[in-house]
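Chains as they are written, first to last, in our numbering: chain A, 1 to 85; chain B, 86 to 486. Even for Gly, the Cβ is constructed at its ideal location relative to N, Cα and C. As structure tokens, the structure follows; a few thoughts come after it.
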Amino acid sequence: MADLSRDTLRETVIDAILAVAPEADVDALPPGRPWREALEVDSFDFLNILVDLEKRLGVSVPESDYHELVTLEGLLDYLESRLAA
Amino acid sequence: MPSLGADMESGTLVEWLIRPGERVERGQVVAVVETQKGAIDVEIWEAGSVERLVAEEGQKVPVGEVLAVILAEGEKAEGESAPADRPTPEAPRAPSPRAPGLSPPPARATPEVASSGARLRISPAARKRAAELGLDPTGVSGSGAGGSITLDDIERAAKVAEPGRAAPSPQAAPTTDARGAMRQAIAAAMARSKREIPHYYLGHTLCVEPALAWLEAHNAERPVAERLIFPVLQLRAVALALEAVPELNGWYRDGAFQPAEGVHPGVAIALRGGGLVAPALHDADRLAPDAMMAALRDLLARARQDRLRSSELTAAGLTVTNLGDLGVESVQGVIYPPQVALVGFGRITERPWVRNGQVVAARCLHASLAADHRVTDGALGARFLRQLTDHLQEPERLWPT
Numbered sequence: 001m002a003d004l005s006r007d008t009l010r011e012t013v014i015d016a017i018l019a020v021a022p023e024a025d026v027d028a029l030p031p032g033r034p035w036r037e038a039l040e041v042d043s044f045d046f047l048n049i050l051v052d053l054e055k056r057l058g059v060s061v062p063e064s065d066y067h068e069l070v071t072l073e074g075l076l077d078y079l080e081s082r083l084a085a
Numbered sequence: 086m087p088s089l090g091a092d093m094e095s096g097t098l099v100e101w102l103i104r105p106g107e108r109v110e111r112g113q114v115v116a117v118v119e120t121q122k123g124a125i126d127v128e129i130w131e132a133g134s135v136e137r138l139v140a141e142e143g144q145k146v147p148v149g150e151v152l153a154v155i156l157a158e159g160e161k162a163e164g165e166s167a168p169a170d171r172p173t174p175e176a177p178r179a180p181s182p183r184a185p186g187l188s189p190p191p192a193r194a195t196p197e198v199a200s201s202g203a204r205l206r207i208s209p210a211a212r213k214r215a216a217e218l219g220l221d222p223t224g225v226s227g228s229g230a231g232g233s234i235t236l237d238d239i240e241r242a243a244k245v246a247e248p249g250r251a252a253p254s255p256q257a258a259p260t261t262d263a264r265g266a267m268r269q270a271i272a273a274a275m276a277r278s279k280r281e282i283p284h285y286y287l288g289h290t291l292c293v294e295p296a297l298a299w300l301e302a303h304n305a306e307r308p309v310a311e312r313l314i315f316p317v318l319q320l321r322a323v324a325l326a327l328e329a330v331p332e333l334n335g336w337y338r339d340g341a342f343q344p345a346e347g348v349h350p351g352v353a354i355a356l357r358g359g360g361l362v363a364p365a366l367h368d369a370d371r372l373a374p375d376a377m378m379a380a381l382r383d384l385l386a387r388a389r390q391d392r393l394r395s396s397e398l399t400a401a402g403l404t405v406t407n408l409g410d411l412g413v414e415s416v417q418g419v420i421y422p423p424q425v426a427l428v429g430f431g432r433i434t435e436r437p438w439v440r441n442g443q444v445v446a447a448r449c450l451h452a453s454l455a456a457d458h459r460v461t462d463g464a465l466g467a468r469f470l471r472q473l474t475d476h477l478q479e480p481e482r483l484w485p486t
């Protein structure tokens, strides 16, 4: 999993988001802005997305790291570094 | 047909999940009814045996009309006339035994009484038309003399039967029609609220650092799927505040306050693509953290799959709305009639906070109360809000050991 390209990782994350919020227009997200608010993903949806990502990538995100997942880029950076570790 | 909302006039019976002769237990889901709020699993409130199904699948039934006749334990089957003048508003309510002093009737009710004993009153033309349509007339309610079924009744039943058969599957996205119906239901309820309920509003900003620390500690060693989310703490705090101030847990009906039985706060859930439901979280005052999370998870999942239960639409005396996830700072709520209050939570956001004379950065939250001034006054509302915020500020008090 560690050699996952950034694009593949992005696709995986978008799939996990779409599984919870099928109508979400992820491409229209303004970069650097909080994605959860923009996509109307509440704390329950967010938890389900993390469960899904854990299944797909084997990365379990501790709650203390949630603040790193505020933007989509931040989420990708975080997953990338965890996968590389 | 139970009333599943303040402005519900009728519902369409989509499916029976029971058969005549079957035993039913209290709380069992016995039918699926299509309402403006989507498909609802209707539960029964008395144990007994199914004497007969009155409403037919596909039939639109006004609130208060009989859906089915259920006999309580040891109760004798009656003829066709008795159930008609004894409406069973929630199908659930079984007629009480008529002569408690007498010895119970023979265990086996004679089948003739239940089926062939009840001769259908139907006009010859109606019977012919029903046969042409392949419609079973026994479930059609008659509007003719003496309750007999007329040709018009058959035509009407045939018409409503069609859309009923094409009931949405649980997973199907709501159609535009369903959306429109839900919009209308919300419009009617909210217009009534603003027209009839003199709201008063109270609010309080509190520091939630201790509550978040509690949550993080609780979740620290857990896999993602077993973690709690912050709304569990909010709902728990609301439940405890309602226990302390029961005057905000109930309904305003016929000019008087009627307290709710038990603490079952409604949880406002926005549906993707529009619309809103607010099912009750049962016994929120009695659930341990993980049980409460499981109950909330189940409720959220079923709300989004259009599979709520009838009791969940009627049990709440107060509703909680959390718009913080959408970036909202504070909520001035509109009470869901006939409930008497609504609690609103905003987003958790970092703010300058004064602690021990020092300004520090702290994560804060705005909690608000909208309450019905016909039932309570600001002083009581303030007591409730203080209970609520105290519990959220001292999380060790949420589930005292």
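Give a yes or no on whether the C-beta atoms belonging to residue i and residue j are separated by under 8 Å.
i: G431(B); j: V445(B); result: no
i: L98(B); j: Q144(B); result: yes
i: A21(A); j: V41(A); result: yes
i: D368(B); j: V352(B); result: no
i: A363(B); j: A401(B); result: yes
i: V139(B); j: L152(B); result: yes
i: L72(A); j: L18(A); result: no
i: S43(A); j: V309(B); result: no
i: A273(B); j: D92(B); result: yes
i: L69(A); j: L9(A); result: no
i: I234(B); j: R214(B); result: no
i: E332(B); j: V419(B); result: no
i: A211(B); j: D238(B); result: yes
Spatial neighbours of residue i within its chain, please: C-beta separation below 7 Å, excluding the five flanking residues on both sides.
i: A192(B); result: Bear in mind that a pLDDT of 38 at A192(B), under 50, signals an unreliable position, so the model cannot answer this.
i: L291(B); result: C449, L450, A452, T474, L477 and Q478
i: Y285(B); result: A456, H458, G463 and G466
i: A355(B); result: L361
i: R482(B); result: H476
i: P189(B); result: For P189(B), the predicted model reports a pLDDT of 38, less than 50, meaning its position is unreliable; a value from the coordinates is still stated below. Cβ neighbours of P189(B) beyond the five flanking positions: G159.
i: V146(B); result: M86, S95, G96, L98, A140 and L152
Could you give the distance in angstroms between the alpha-carbon of residue i and the alpha-carbon of residue j?
i: L457(B); j: L473(B); result: First, the residue type needs correcting, since residue 457(B) is Asp and not Leu in the sequence shown. Rounded to the nearest angstrom, the two C-alpha atoms are 18 Å apart.
i: A296(B); j: R321(B); result: 12 Å
i: P31(A); j: D410(B); result: 19 Å
i: L477(B); j: A263(B); result: 38 Å
i: A365(B); j: T404(B); result: 8 Å
i: I14(A); j: R56(A); result: 12 Å
i: S415(B); j: L218(B); result: 56 Å
i: E63(A); j: E301(B); result: 6 Å
i: R277(B); j: D45(A); result: 32 Å
i: G463(B); j: W438(B); result: 26 Å
i: V114(B); j: P105(B); result: 15 Å
i: A287(B); j: E54(A); result: Per the sequence shown, the amino acid found at residue 287(B) is Leu instead of Ala. The straight-line gap from Cα to Cα measures roughly 41 Å.
i: V148(B); j: A266(B); result: 17 Å
i: A326(B); j: L427(B); result: 13 Å
i: P350(B); j: A324(B); result: 7 Å
i: L393(B); j: Y66(A); result: 31 Å
i: N48(A); j: R36(A); result: 13 Å
i: P480(B); j: G227(B); result: 59 Å
i: D126(B); j: E281(B); result: 30 Å
i: R436(B); j: S95(B); result: 49 Å
Please go through the same chain and pick out, in chain order, the residues whose beta-carbon is closer than 8 Å to the beta-carbon of residue i, but skip the five residues on each side of it.
i: G133(B); result: R108, V109, I155, L156, A157, E158, E160 and A179
i: R338(B); result: P423
Considering only C-alpha positions, which residue in the set the options is nearest to residue i?
i: A376(B); options: V317(B), A365(B), Y337(B) and F342(B); result: V317(B)
i: D370(B); options: S453(B), N334(B), A355(B) and E435(B); result: N334(B)
i: A388(B); options: I129(B), R214(B), A373(B) and K122(B); result: K122(B)
i: R357(B); options: I239(B), D391(B), Q417(B) and W130(B); result: D391(B)
i: A116(B); options: I207(B), G359(B), H303(B) and S395(B); result: S395(B)
i: E100(B); options: A124(B), P87(B) and G90(B); result: A124(B)
i: Q319(B); options: R212(B), E435(B) and L408(B); result: L408(B)
i: R468(B); options: A379(B), M378(B), P422(B) and E328(B); result: E328(B)
i: L385(B); options: V330(B), G442(B) and I314(B); result: I314(B)
i: D7(A); options: A85(A), L76(A) and R82(A); result: L76(A)
In chain order, what residues of the same chain have a beta carbon less than 6 Å from the beta carbon of residue i, not counting five sequence neighbours either side?
i: L39(A); result: A21 and A24
i: Q343(B); result: G335 and W336
i: E141(B); result: G224
i: G429(B); result: T406, V416, G418 and S453
i: L470(B); result: L287, H289 and L454
I'd like to know whether the C-beta of residue i is nearer than 8 Å to at least one C-beta of chain D.
i: A28(A); result: Absence of chain D from the displayed structure is noted, the protein chains being A and B.
Taking beta-carbon pairs under 8 Å, can you tell me which members of the region 312 to 337 of chain B lie near chain A? R312, I314, F315 and P316
Taking a cut of 8 Å between CB atoms, which residues from the region 345 to 374 of chain B lie near chain A? A355, R357 and G358
Using a Cβ cut-off of 9 Å, which residues of the region 68 to 85 of chain A contact any Cβ in chain B, in chain order? none
Quick one: which residues of the region 412 to 431 of chain B get their C-beta closer than 8 Å to a C-beta of chain A? List them in chain order. G412
Any residues in the region 49 to 67 of chain A with a beta carbon nearer than 8 Å to a beta carbon of chain B? Which ones, in chain order? L50, V51, E54, S60, V61, P62, E63 and S64
Closer than 9 Å, Cβ to Cβ, to anything on chain A: give me those residues from the region 440 to 458 of chain B, in chain order. none
Looking at chain A, which residues of the region 271 to 300 of chain B have a Cβ within less than 7 Å of any of its Cβ atoms? none
Could you name the residues of the region 390 to 413 of chain B whose beta carbon sits closer than 9 Å to any beta carbon of chain A, in the order they occur along the chain? N407, G409, D410, L411 and G412
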